[in-house]
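Residues in the sequence shown are numbered from 171 upward in steps of one, following the working numbering. Glycine residues also receive a C-beta, built at the ideal position from the N, C-alpha and C atoms. Source: prediction; values computed, not measured.
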Amino acid sequence: MAGVEGFTEKMRIIEVLKRRKRRFFKSLVLALSVSLLTSLASTMGYFEGFEAKALDLLLWARGQIKSPEIVLVHIDDRAFRNLEEKQPLPRSYLASIIEVLAKSGAKVIAMDIEIKVKTNPREDELLLKAIQAASENGVTKVVPVYVIRPEKEDDGKVLYSRTSFFSPKLNPVAGFANAPIDPDGFVRQMPLAVRGADGKVLPSLALAVLARYAGYDSARLEEALNQEEEIALLLPEWDKFQGRLLPQVTPLSFRFDDIWKINFAGAQGSFMAIPSDPVASLSKQNLSLAADNPFRGKIVLIGATFGESRDFFPTPQGLMSGVEIHANIIHTILSRSQILGAQRWVALSLSLLFALVISVLLSLFRPVMVTILGFIAIPLLLIPLSYLAFARLGIWVDFVTPLLAIRLGGLVGDLLERKHIRKSLGQYVDREVADQIVQQEESLSGQKRVVSVFFTDIRDYTTLCEGSPPEKVVGILNELFAMMTQVISRHHGMINDFIGDAVMAVFGAAKNNPNHAMDAVETALEVQEGLARLNEEWKNRGYQPIRIGVGIHTGEVIAGIIGSEGRKKFTFTGDTVNTASRVEGLNKEFSTGTLITRETLEAVNEKFNVRRCGEVKVKGRDKPVEVFEVLGPEPVP
C-alpha cells in the first residue's frame, strides 16, 4: 500500500512540475514579447514624457552642485523701477554695467538682453563704446545675444535665420538665446549650434560664451564651426572633484546639430547673483572694485529678472529666469557634465533580465502578486542604480521602460488569468455573473460573503443505476442537468459543482445581487416544474419517473480560488455549505421536495407558501436547524 501511495505522490509531483514548466515558458514568451514591445516603443519616443519626468526626479534628488566660474548680474524689479520701467532698457545703463565688469577683470561678459534696434543715438553710442572698450587683444569680451527663427527646410532639416546686432561693424562673438521647449512646457535641453539659412552654423549663446572664454574671435569661431560635421573647440579642462577649471585646454567635440540635456546645477539662485544697481552705480561714481572682486576671471551673464521681462520658463528645478537657464547650459558644457543617455541596449537588457525573473515568478505566483512584487522590489534595485549612474557619471539609465514593461506584463498576465477564470466560470454560470465575479478581484483570493447555497440530488439514485443500462443513466442525468443549468443561470446562480447525481449552486456569488435568497427559492420551484415536464417525456419513452430533493440555506461562506498547484477552482466553503447539504438530505425524512431554513425564509420576507417541518439536529452544528417545506410561490392568506 505504501508503495502505491509513494508512486501516486511521485506522479503528482511530476504533473505539478510539468504544469509549472508550461506556465514558465508561457510567462517567458509573454514577458519577452512585452519587453521587446516596450523597448521598441521607447526607441520610437512614445515614453519621452515619462522619461523626462523620471530624469527630473533624479535632478531633484541629486541636489545643488557648485559652479563658481559663473556669476550673474540681475536687472531686477528694483532696478526696473529706478529706470522708470523703460523698455527697451536704457543703453547707457547697460553700458555702465559692462564698463564696471570690464574694469573688474571679468573674463567674458554675456548679454542675455537682445539689442537689435537703434534707440537714442547718444545712448547707442555709449553702449558701443562700452562694448569696444571691454576688449582683450583687440577683441571685445562682450558676447551679445540674438534670436533665431525657423525659415525653411532643406532635406527635411529646419534652417534658421537670425536677428542682427544693431551695429554689425563690431562683429562680436554672439550666440542665439532660443531654447527648445518640451511638449509639457519645460526647458530641459539646448542645441549647441544650428544650421543657418545661409548654410553657416550658428552657435548658441552658451557655446559662443565658452568659445570667447577660450580666446576665439568671431572669424576663428566661424571657421571652426563650419569645418566638417564634427566640430572641436579648445576649452579649459574641468576638475569634477574640486568643481573648478584647470589651466590646460582640451578639445570639446560635438556635431553642430547635437542637443544637450541640461544638467541643472540646482533651482533658481544656484549661481552667485548680484543686483545690477550696485554694479552700475560704481561707474557713475567712478569707483572700481577690489582685486579680489567676485567678477575677476569669471564668466558674467547680464540678464533681466524683473517681472515685466517675462523671461521666465518652467524647468525641472522650478520656474527659472532665462539668464539662469543660460548659466546652467554654460556650466553643463564647461564641466563636460551633459546628461548622456545610456545605450538603448542597456534598457533592453534590463527589461529582458527582469522578463526572465518575472517568468520564474509567474510560474510560482499569480500575475497580480508578481506585479505588486515587481513594483516594489525592482524599483528598489533599479532606481538607486540609475541615480548612482546619474550622480557619479552623468549617465541616464532609463528605468522607465523596464518598469512600464513590468506593469504592462502584469496587466496582460492578469487579463489572461481573468479570461481563463471567466471561461471556467462560464461553464456553470451566466456570463454576467462570471464577469462580476472576475471584476471583484479580491473575491478570487478569498473573501467572506453572504449567499444562498442550493443543493439537489436524485432520490433512489442507486436503484436507478442498478436497474438501468449506463447509457440510459447518463442520458437522464444530462437532460436533467441541462434543464437545471438553464434555470439556475436564468436566476443569476452559479453552479459550483456536479457531484455524481447532486448539484451544488450558489446564489449571490456577485456582490450586487441582494435578492439571492429569492432567486434560489424561485429556482427550486422552477426546477421541480421542469422535472415534472421531463418525467412526462421520459414516461413516453418507457422510463420510470424520478424525484429530486432540494435544500437551501442562507448564510456566510468563504469564496475564492482553492486547490493545489496542479488543480484549482473557484468555490465556496464553510458551515453554510455543509448545512445546505444536510438540509437537502432531510427531504427523505420529511417526504418533501424542497426544504429551506429559517435564515432563507427570513431573507425572502416569507413571500412563499411554506409549511413548517420543525427543528432538526444536523451533523456539524450545535444548534438545531428549523426547516420549512416550500409549497408554492405565494404565502397562504
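Could you check if residue i is buried or exposed, using at least 16 other CB atoms within 10 Å of its CB as the buried criterion?
i    : result
A652 : exposed
L375 : buried
I267 : buried
A402 : exposed
P639 : exposed
E612 : Unreliable placement is indicated for E612, whose pLDDT of 48 sits below 50; the coordinate value is still reported in the next sentence. Looking at its Cβ environment, which holds fewer than 16 other Cβ atoms inside 10 Å, E612 is exposed.
K431 : buried
G663 : buried
V449 : buried
N648 : exposed
R717 : exposed
P486 : buried
V816 : This structure cannot settle anything about residue 816, because the visible part of the chain is limited to 171 through 807.
E254 : exposed
I351 : exposed
G345 : buried
When DSSP labels each residue in this structure, what does residue i get in the three-state scheme?
i    : result
S507 : coil
S237 : coil
Y330 : strand
S638 : coil
L259 : coil
Q656 : helix
G802 : strand
Q214 : Looking at the sequence shown, residue 214 is not Gln but Met. M214 falls in the coil class under three-state DSSP.
V723 : A small fix is needed here, since residue 723 is His in this sequence, not Val. Here H723 sits in strand by DSSP.
L585 : helix
D667 : strand
T693 : helix
P342 : coil
D294 : helix
T571 : helix
V199 : helix
G784 : strand
K709 : helix
E221 : helix
M281 : strand
E796 : strand
N648 : helix
P350 : coil
E612 : With a pLDDT of 48 at E612, under the threshold of 50, the modelled position of that residue is not reliable, and the figure given next carries that caveat. Note: E612 maps to helix in three-state DSSP.
G736 : Unreliable positioning characterises G736 in this predicted model, as indicated by a pLDDT of 48, which lies under 50. A coordinate reading is not provided.
S305 : strand
R629 : coil
P320 : strand
Could you name the residues of the same chain whose beta carbon sits closer than 6 Å to that of residue i, not counting the 5 residues immediately before and after it, in chain order?
i    : result
T743 : I728
A224 : V570
A687 : S622, T724, T770, A773 and V774
D671 : D627, I628 and Y631
P715 : N705
N683 : H662
R791 : none
E754 : F625, G719 and G721
Going by the beta-carbon positions, is the gap between residue i and residue j smaller than 8 Å?
i    : j    : result
K311 : A300 : no
T208 : P258 : no
R768 : E799 : no
I472 : I240 : no
F624 : A750 : yes
L242 : A265 : no
P373 : L395 : yes
V419 : S388 : no
V720 : A694 : yes
D282 : V493 : yes
I553 : L377 : no
N498 : A437 : no
Take residue i and list the residues in its own chain whose beta-carbon comes closer than 7 Å to its own, dropping the five residues that flank it on each side.
i    : result
S507 : N433 and G564
L801 : N779, V780 and R781
S440 : Q234
L227 : none
R319 : Y330 and S331
E138 : Shown here, the chain extends from 171 to 807; a query on residue 138 therefore has no answer.
N252 : D447
By Cβ distance, which residues of its chain are closer than 8 Å to residue i, with the 5 residues on each side in sequence left out?
i    : result
F426 : L362, A363, V364, R365, V371, L395, E399 and I401
| query | Going along the chain, which unbroken runs of the alpha helix (DSSP H) with 4 or more residues stay wholly within the segment 364-410? | reply | 375-383 and 388-395
| query | Which residue spans inside the segment 463-502 form an unbroken beta strand (DSSP E) run of at least 3? | reply | 469-474, 482-485 and 488-491
| request: Within the segment 431-455, note down every full beta strand (DSSP E) run reaching 3 residues or more, in order along the chain. | output: 442-445
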